[in-house]
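Just so we're aligned, residue 4 is where the sequence shown starts under the working numbering, counting upward by one.
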Amino acid sequence: MPIPAGSTLLRAIALAAILGNVAFNYLYTRLGWGPAMDVASARYETAFMPAGYAFAIWGVIYTAFIVYGVQSLRLAQRREPAYDALAPPLVAANGLGTAWILAYT
């Protein structure tokens with residue numbers, strides 16, 4: 004079974020989207036591009052606000068995304084079609100994650 008020509012490119016785009024989203028989330032407030040999420044959240048009265056430690060899950064999520072993106076580009080995984088199928092939704096999820104930060108803050 005031949006390796007599809009576009010699979011490496013699509014997977015590389017997915018990894019770039021992941022790294023771009025992680026970098027954007029890290030740099031957004033540190034470079035003064037916008038307010039921190041807690042500052043933005045404090046602007047609005049809400050009945051429910053998760054504790055600050057609850058947001059630590061994003062470190063786990065971003066780490067898993069990065070590991071997945073790197074794993075998908077390994078030579079041993081080139082013939083695995085699941086990586087190709089999941090690349091477009093992964094690009095969309097990371098793009099929408101970046102858009103969410105901009106829209107919310």
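Backbone N, C-alpha and C define an ideal beta-carbon position, used for all residues, glycine too. Being a predicted model, the structure only gives us computed values, none of them experimental.
| Query | Result |
| --- | --- |
| Tell me the rounded alpha-carbon separation between Met52 and Leu76. | 38 Å |
| Taking Trp61 as the reference, give the member of Leu12, Gly100, Thr32, Ala79 with the closest Cα. | Gly100 |
| Is the beta carbon of Thr97 sitting closer than 8 Å to the one on Ile16? | A quick correction: the sequence has Asn, not Thr, at residue 97. Contact: no. |
| When burial is assigned at 16 or more other CB atoms within 10 Å of the CB, is Phe58 buried or exposed? | exposed |
| With distances taken between CB atoms, is the gap from Gly72 to Leu30 smaller than 8 Å? | no |
| When you compare only the Cα positions, how much space is there between Ala8 and Arg81? | Residue confidence is low: Ala8 scores 49 on pLDDT, short of 50, so the model does not pin down where it sits. No coordinate-derived value is stated. |
| Specify, as a first and last residue, the run of the alpha helix (DSSP H) that Gly100 falls within. | 84–107 |
| In this structure, does DSSP put Met52 in helix, strand or coil? | coil |
| Could you tell me the distance, in whole angstroms, from the CA atom of Ala90 to the CA atom of Gly35? | 31 Å |
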